[in-house]
Amino acid sequence: MRITFLVRSLEKGGAERQLATLALGLKRRGVDVTAVVFYSCADGFDGDLEKGGIRVISLNKKGRWDVVPFLFRLIKTLRAERPDIIHSYLDVSNLLTAVFKKMLRPAKIVWGVRASHMDFSKYDFWLGVTNSIASMLSRYADLVIVNSNAGRSAAIDSGYPAKKVVMINNGIDTDKFDADLQRRMSARKAWGIGERQKVIGLPARIDPMKDHPTFLRAVAEFKLTRNDVAFVLAGGGPQTLVDDLKTQAQKLGIEDSLIWLGEVVDMPEVYNGFDIATLTSSGEGFPNVIGEAMACGVPCVVTDVGDAATIVGETGAVVPPKNPTALAAEWNRMIGNLEKNKNVLKQASKERIVKNFSIDKLVDETLFAMKNILIKTRFQ
1 MRITFLVRSL
11 EKGGAERQLA
21 TLALGLKRRG
31 VDVTAVVFYS
41 CADGFDGDLE
51 KGGIRVISLN
61 KKGRWDVVPF
71 LFRLIKTLRA
81 ERPDIIHSYL
91 DVSNLLTAVF
101 KKMLRPAKIV
111 WGVRASHMDF
121 SKYDFWLGVT
131 NSIASMLSRY
141 ADLVIVNSNA
151 GRSAAIDSGY
161 PAKKVVMINN
171 GIDTDKFDAD
181 LQRRMSARKA
191 WGIGERQKVI
201 GLPARIDPMK
211 DHPTFLRAVA
221 EFKLTRNDVA
231 FVLAGGGPQT
241 LVDDLKTQAQ
251 KLGIEDSLIW
261 LGEVVDMPEV
271 YNGFDIATLT
281 SSGEGFPNVI
291 GEAMACGVPC
301 VVTDVGDAAT
311 IVGETGAVVP
321 PKNPTALAAE
331 WNRMIGNLEK
341 NKNVLKQASK
351 ERIVKNFSID
361 KLVDETLFAM
371 KNILIKTRFQ
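Read left to right, the sequence shown gives residues 1 to 380 (UniProt numbering).
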């Protein structure tokens, strides 16, 4: 089987990490894998794929107005690869494979859709337009893979044909993301935090969907009852949004309790520095950061969005979105549980990820789905 992945870039984000994880897993199973990107990314996952023996072909898009020449390069490259399946990731790549499907035959088109219900009013106008067009063109995909039950429901609700939409959970690399005392000590030293002080961490890019304002309000409420916890925010984003959040923190009087890390390269070290990982999102599909933190033995308190509750199961806590009071209360309760049953909670978190969200399971289910669409074609 020959599979070509298509994505805008392999910059270090959650969807791109999953693409890299899946591509490398398929390669290890003997699948002929290539990746085609609009833009190369020196500090992205390009190098990881190349080290794993996967060719990464950059179309070298020269900006927004490089349209017609770019499309010629795109079609020429995909046709030259002669894949059995083109697996596109995210809206723009998905749209292009649908629009040019006839020119890409006989390759089967598999879409990767990574989000669930989103409030598009908080984003660029064109993101909402792209999402609407994707819904209209989704019937041209041979298969649509979503990574959460919430994502499947959202896709079908927006017009995707239900019979073509399958749910395959993300896979977490439990060798890379693992409990590590040395990394814990290193992270805390860098943050100026002692081993006995509790740390609650928010591993999330600065984005409206991640709802950092709720996190900040929860910190303010939490500090009314105890003042011995540090809060670490790991994730970059537009400077205007970062500045606005810091202004909010100052108005709430909590700026001295916050540590802003910005964009982070070594996330396993960051997770190990946490005692509790939290997610305050107002919308999600499959939040990778929760699975990664749990794989490092860190229990989680999450909002009930996407499949976050399914990921944590009985090992963590779930609160309604946009409810800082409930969030602060669960942080407090979780700290109490850690003081009594730290090792039990850490082990339960790790075991849940190993059992339910492994890379092998991701690869197995993806291969099964893709072989099915190829078999159906032969008998049509």
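Using N, Cα and C, we set each Cβ at its ideal position, and we do this for glycine too.
From a predicted model like this one, the values you see are computed outputs, not experimental measurements.
Of all the options I359, V265 and R217, which has the alpha carbon lying nearest to the alpha carbon of S257? Taking the sequence shown and counting its residues from 1, the one referred to as residue 257 is at position 257. Residue R217 is the option with its Cα nearest to S257.
Apart from the five residues just before and just after residue 383, which ones in its own chain have a Cβ nearer than 7 Å to its Cβ? Any property of residue 383 remains undetermined from this structure, which presents the chain solely from 1 to 380.
From I206 to I375, what does the alpha carbon distance come to, in whole angstroms? Position 206 of the sequence shown, counted from the first residue, corresponds to residue 206. Position 375 of the sequence shown, counted from the first residue, corresponds to residue 375. So the alpha carbons of these two residues sit roughly 43 Å apart.
Does M136 pass the burial test, meaning 16 or more other C-beta atoms within 10 Å, or should it be called exposed? In the sequence shown, residue 136 corresponds to position 136, counting from 1. With fewer than 16 other Cβ atoms inside 10 Å of its own Cβ, M136 counts as exposed.
Top-ranked residue by Cα proximity to S88, from F177, V312 and E16: Here residue 88 corresponds to residue number 88 of the sequence shown, with the count starting at 1. The shortest Cα separation from S88 among F177, V312 and E16 belongs to E16.
Taking V319 as the reference, which of P287, S282 and C296 has the closest Cα? Sequence index remark: in the sequence shown, residue 319 carries index 319 (1-based). Out of P287, S282 and C296, S282 has the C-alpha closest to the C-alpha of V319.
Rounding to the nearest angstrom, what Cα-Cα distance links F120 and L90 in this structure? Here residue 120 refers to the residue found at position 120 of the sequence shown. Here residue 90 refers to the residue found at position 90 of the sequence shown. Confidence at F120 is low in this model, with a pLDDT of 48, below 50, so the placement of that residue is unreliable and no value is reported for it.
Taking E195 as the reference, give the member of A187, L202 and G201 with the closest Cα. Here residue 195 corresponds to residue number 195 of the sequence shown, with the count starting at 1. Closest by alpha carbon: A187.
W191, DSSP secondary structure in three states: Here residue 191 corresponds to residue number 191 of the sequence shown, with the count starting at 1. If DSSP states are grouped into helix, strand and coil, W191 belongs with the helices.
DSSP on V31, reduced to helix/strand/coil? One-based indexing of the sequence shown puts residue 31 at position 31. Three-state result, V31: coil.
Pair within 7 Å by beta-carbon distance, A234 and V265: Position 234 of the sequence shown, counted from the start, is the residue given in the question as residue 234. Position 265 of the sequence shown, counted from the start, is the residue given in the question as residue 265. No, Cβ-Cβ distance for A234 and V265 is not below 7 Å.
Integer-rounded CB distance, given that K27 should sit under 8 Å from I54: Taking the sequence shown and counting its residues from 1, one reaches residue 54 at position 54. Taking the sequence shown and counting its residues from 1, one reaches residue 27 at position 27. Between the beta-carbon of I54 and that of K27 there is about 6 Å, and that keeps the pair under the 8 Å contact cut.
In terms of alpha-carbon separation, which member of R73, R29, G313 and D178 lies closest to L362? Residue 362 sits at position 362 when you count from the first residue of the sequence shown. For the residues R73, R29, G313 and D178, the minimum Cα distance to L362 belongs to R29.
Between the CA atoms of R184 and V270 - distance to the nearest angstrom: Here residue 270 refers to the residue found at position 270 when the sequence shown is read from its first residue. Here residue 184 refers to the residue found at position 184 when the sequence shown is read from its first residue. Each residue's alpha carbon lies about 8 Å from the other.
Consult DSSP for V298 and reduce its assignment to one of helix, strand or coil. Against the sequence shown, residue 298 aligns to sequence position 298. Reduced to three states, the DSSP call for V298 is coil.
If we call anything under 7 Å between Cβ atoms a contact, is R139 one with V146? Against the sequence shown, residue 139 aligns to sequence position 139. Against the sequence shown, residue 146 aligns to sequence position 146. If you check the CB distance, R139 and V146 do not come in under 7 Å.
Just to confirm the assignment, what range does the beta strand (DSSP E) spanning W65 have? In the sequence shown, residue 65 corresponds to position 65, counting from 1. Where W65 is concerned, there is no enclosing beta strand (DSSP E), given that its DSSP letter is neither H nor E.
Of the residues K340, E330 and M294, the one placed nearest V354, counting alpha carbons only: Mapped onto the sequence shown, residue 354 falls at position 354. The option with the nearest alpha carbon to V354 is M294.
Cβ-Cβ distance between R114 and G285 below 7 Å: Counting from 1 along the sequence shown, the entry for residue 114 is found at position 114. Counting from 1 along the sequence shown, the entry for residue 285 is found at position 285. In contact: R114 and G285 (Cβ atoms closer than 7 Å).
Kindly list the residues whose CB is nearer than 8 Å to the CB of S9, restricted to its own chain and excluding five residues on each side of it in sequence; keep chain order. Position 9 of the sequence shown holds residue 9. The beta carbon of S9 lies closer than 8 Å to those of E16, V37, F38, Y39, S40, C41 and G44 in the same chain, with the five residues before and after it left out.
Among T174, I168, G316 and P161, nearest to S148 - alpha-carbon criterion: Taking the sequence shown and counting its residues from 1, the one referred to as residue 148 is at position 148. Nearest option by C-alpha distance: I168.
Give a yes or no on contact between the region 156-165 and the region 243-255, applying the rule of three or more CB pairs nearer than 8 Å. By the Cβ rule, the region 156-165 does not count as touching the region 243-255, because fewer than three pairs are nearer than 8 Å.
Where does Q182 land, buried or exposed, given buried means 16+ other C-beta within 10 angstroms? Residue 182 sits at position 182 when you count from the first residue of the sequence shown. Exposed, by the Cβ-count rule.
Assuming M370 and I85 form a contact by the criterion Cβ under 8 Å, report the distance between their Cβ atoms to the nearest whole angstrom. The sequence position of residue 370 within the sequence shown is 370, counting from 1. The sequence position of residue 85 within the sequence shown is 85, counting from 1. With 8 Å as the limit, M370 and I85 qualify as a contact, their Cβ atoms being about 6 Å apart.
Would you kindly report the start and end of the unbroken beta strand (DSSP E) that includes K198? Here residue 198 corresponds to residue number 198 of the sequence shown, with the count starting at 1. Residues K198 to P203.
Which residue's Cα is closest to the Cα of D142: R105, E50 and L338? The sequence position of residue 142 within the sequence shown is 142, counting from 1. Comparing Cα-Cα distances from D142 to each of R105, E50 and L338, the minimum goes to R105.
Give me the Cα-Cα distance between I359 and D175, rounded to the nearest whole angstrom. As a working note, residue 359 is residue 359 in the sequence shown. As a working note, residue 175 is residue 175 in the sequence shown. So the two alpha carbons sit approximately 10 Å from each other.
Could you check which residue in I156, A277 and V166 has the C-alpha nearest to that of I373? Within the sequence shown, the letter at position 373 stands for residue 373. Nearest option by C-alpha distance: V166.
Can you check which of these residues, V31, T4 and E292, is closest to D364 by C-alpha distance? As a first step, residue 364 must be located in the sequence shown, where it is residue number 364. It is V31.
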